[in-house]
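Numbering (our numbering), first residue to last: -2 to 338.
Here a beta-carbon is modelled for each residue, glycine too, at the ideal position from N, C-alpha and C.
It should be emphasised that the depicted structure is a prediction, and the values quoted were computed from it without experimental measurement.
Remarks on the structure that follows.
The structure is reproduced here in structure tokens:
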């Protein structure tokens, strides 16, 4: 039995080293999946060949077909991309629809299966607010309704830098991004950061740790957009994290949390944190629009309820539903099972 658990632990360690360390250096795509399936199937065939001789040939053929199918699928993804690269944080892919002389040509950044930004590349359309950041989205409403001569906006999660399309001369945008490859791609393949007339700083590293080290930034709007994927950074949704966010907001500032997610209902998590801190929330849920605007769900949180008295916020006055017994998440407690859709 000891040998069994040792083998399990060793296999997990070797797999982690391969996926986290070697695979990003060897492959641009997720080729470790077909390789792993092929290796496991071959091992099974070799182990059982004396017991199930009549299945031996079938296992061999099935293994080859399955591995080749997955390999070809991944190769097609790689070959169809303008750029594909990866590191410890996963696979990043840039695709382009149309040629550069087309006024509607777009480039899209995809992380795994999640779109992290889209930009029209024609000069007259490059600063359109696209994807989850349309002018009628929760973030768009927050920015447009806190405008003044020198607006300060913070953002957790860079993507393509779409939020910079809202920047004006005299504004200040501070963006926190954990993945250095995302910043490299945003600067090389997209122009949101380059075209922005506001001053833009990008801080690399874990956003919460960066915010903890910094003095209060006095943001008019602080947007948190790091929860679209399957693996969410829970430490950005805890009560302690929300206290930190409000330390960096002006008294009349707005915290905008992007909660669109295929598998998880994150709205109650934000609501309970807001309740614990005595803050007011509204839920802004919008549908797909024109010019590359995606449907998105944002929860806006403010320390001063009167911030949401503006008529722009009035259509979004429905309360967020929270199940009985739902607890606020903390650094010591979270429950993903409770928020599964």
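Is the beta carbon of residue 295 closer than 8 Å to that of residue 266?
Translated into the one-based positions of the chain shown, residue 266 becomes position 269. Translated into the one-based positions of the chain shown, residue 295 becomes position 298. No. Outside cutoff.
Between which two residues does the alpha helix (DSSP H) carrying residue 102 extend?
Sequence index remark: in the chain shown, residue 102 carries index 105 (1-based). Counting along the chain, no alpha helix (DSSP H) covers residue 102, and no H or E run does either.
Quick one: Cα of residue 164 to Cα of residue 148, how far?
Along the chain shown, one-based indexing puts residue 164 at 167. Along the chain shown, one-based indexing puts residue 148 at 151. So the alpha carbons of these two residues sit roughly 9 Å apart.
Exposed or buried, what is residue 330 when buried is set at 16 or more other beta-carbons lying within 10 Å of its beta-carbon?
Counting from 1 along the chain shown, the entry for residue 330 is found at position 333. It is exposed - the Cβ of residue 330 has fewer than 16 other Cβ atoms within 10 Å.
Per DSSP, what are the beta-bridge partners of residue 152 in this structure?
Translated into the one-based positions of the chain shown, residue 152 becomes position 155. The beta-bridge partner set that DSSP reports for residue 152 consists of 172 and 220.
So, is residue 234 buried or exposed, given that buried needs 16 or more other C-beta atoms within 10 angstroms?
For the purposes of this step, residue 234 is taken as the residue at position 237 of the chain shown. Under this definition residue 234 is a buried residue.
Run through the DSSP bridge pairs and tell me what residue 179 is partnered with.
By one-based count along the chain shown, residue 179 stands at place 182. Per DSSP, residue 179 has no beta-bridge partner at all.
Taking its Cβ as the centre, do 16 or more other Cβ atoms sit within 10 Å of residue 121, making it buried, or is it exposed?
On the chain shown, residue 121 is found 124 positions in, with the first residue counted as 1. Around the beta carbon of residue 121, a 10 Å sphere encloses fewer than 16 other beta carbons of the protein chains shown; the residue is thus reported as exposed.
Bridge partners - residue 93, DSSP secondary structure assignment:
Here the question's residue 93 lines up with position 96 in the chain shown. Within the DSSP bridge table, the entry for residue 93 names 104 as partners.
Residue 4 by DSSP, collapsed to three states: which one?
As a first step, residue 4 must be located in the chain shown, where it is residue number 7. DSSP places residue 4 in the helix class (H, G or I) of the three-state scheme.
Residue 43 classed as buried or exposed, judged by whether at least 16 other C-beta atoms fall within 10 angstroms
Against the chain shown, residue 43 aligns to sequence position 46. With fewer than 16 other Cβ atoms inside 10 Å of its own Cβ, residue 43 counts as exposed.
Write down the C-beta distance between residue 130 and residue 138 rounded to the nearest angstrom, noting that I regard them as a contact closer than 8 Å.
Locating residue 130 in the chain shown gives position 133, where the first residue counts as 1. Locating residue 138 in the chain shown gives position 141, where the first residue counts as 1. The beta-carbon separation of residue 130 and residue 138, rounded to 11 Å, does not stay under the 8 Å limit for a contact.
Alpha carbon to alpha carbon, how far is residue 97 from residue 124? Give it in angstroms, no decimals.
Looking up residue 124 in the chain shown gives position 127. Looking up residue 97 in the chain shown gives position 100. Using only the alpha carbons, I get a separation of about 16 Å.
Nearest by alpha-carbon distance to residue 157: which of 167, 207 and 92 is it?
For the purposes of this step, residue 157 is identified with residue 160 of the chain shown, where counting begins at 1. Of 167, 207 and 92, the smallest CA-CA separation from residue 157 is found for 92.
What does DSSP give as the partner residues of residue 84 in its beta bridges?
Within the chain shown, the letter at position 87 stands for residue 84. Paired residue(s): 87.
Counting C-beta neighbours from all protein chains within 10 Å, is the total for residue 269 16 or more, i.e. buried, or is it exposed?
Locating residue 269 in the chain shown gives position 272, where the first residue counts as 1. Residue environment: residue 269 is assigned as buried (16 or more neighbouring CB atoms within 10 Å of its CB, all protein chains considered).
Specify the secondary structure class of residue 317 as computed by DSSP and reduced to three states.
The count along the chain shown starts at 1 and reaches residue 317 at position 320. Per DSSP, reduced to three states, the secondary structure at residue 317 is coil, with no helix or strand assignment.
Compute the Euclidean distance between the alpha carbons of residue 187 and residue 290, then round it to the nearest angstrom.
As a position in the chain shown, residue 187 is number 190, starting the count at 1. As a position in the chain shown, residue 290 is number 293, starting the count at 1. The C-alpha of residue 187 lies about 17 Å from the C-alpha of residue 290.
Alpha carbon to alpha carbon, how far is residue 146 from residue 166?
Taking the first residue of the chain shown as 1, we reach residue 146 at position 149. Taking the first residue of the chain shown as 1, we reach residue 166 at position 169. Between residue 146 and residue 166, the alpha-carbon positions lie close to 9 Å from each other.
Looking only at DSSP bridge pairs, what is residue 198 linked to?
On the chain shown, residue 198 is found 201 positions in, with the first residue counted as 1. For residue 198, which the question treats as bridged, DSSP gives the partners 171.
Contact set for residue 246: own chain, Cβ-Cβ below 6 Å, skip 5 residues either direction
The residue you call residue 246 lines up with position 249 of the chain shown. Hits under 6 Å: 216 and 219.
For residue 151, count neighbouring Cβ atoms within 10 angstroms of its own Cβ and tell me buried if that reaches 16, exposed if not.
Translated into the one-based positions of the chain shown, residue 151 becomes position 154. Under this definition residue 151 is a buried residue.
Assuming the contact rule is C-beta atoms closer than 8 Å, residue 195 and residue 173 should be a hit. Round their C-beta distance to whole Å, please.
In the chain shown, residue 195 corresponds to position 198, counting from 1. In the chain shown, residue 173 corresponds to position 176, counting from 1. 16 Å between Cβ atoms; not a contact.
Under 8 Å by Cβ, that's how I've got residue 107 and residue 83 pegged, so tell me the actual separation to the nearest angstrom.
Residue numbering aside, residue 107 sits at position 110 when the chain shown is read from its first letter. Residue numbering aside, residue 83 sits at position 86 when the chain shown is read from its first letter. Wrong, their Cβ atoms sit about 12 Å apart, outside the cutoff.
Between which residues of its own chain and residue 142 is the CB-CB distance below 6 Å, once the five residues before and five after are set aside?
Residue numbering aside, residue 142 sits at position 145 when the chain shown is read from its first letter. Annotation for residue 142: 307 and 309 place their beta carbon closer than 6 Å to its own, counting only its chain and skipping 5 residues before and after.
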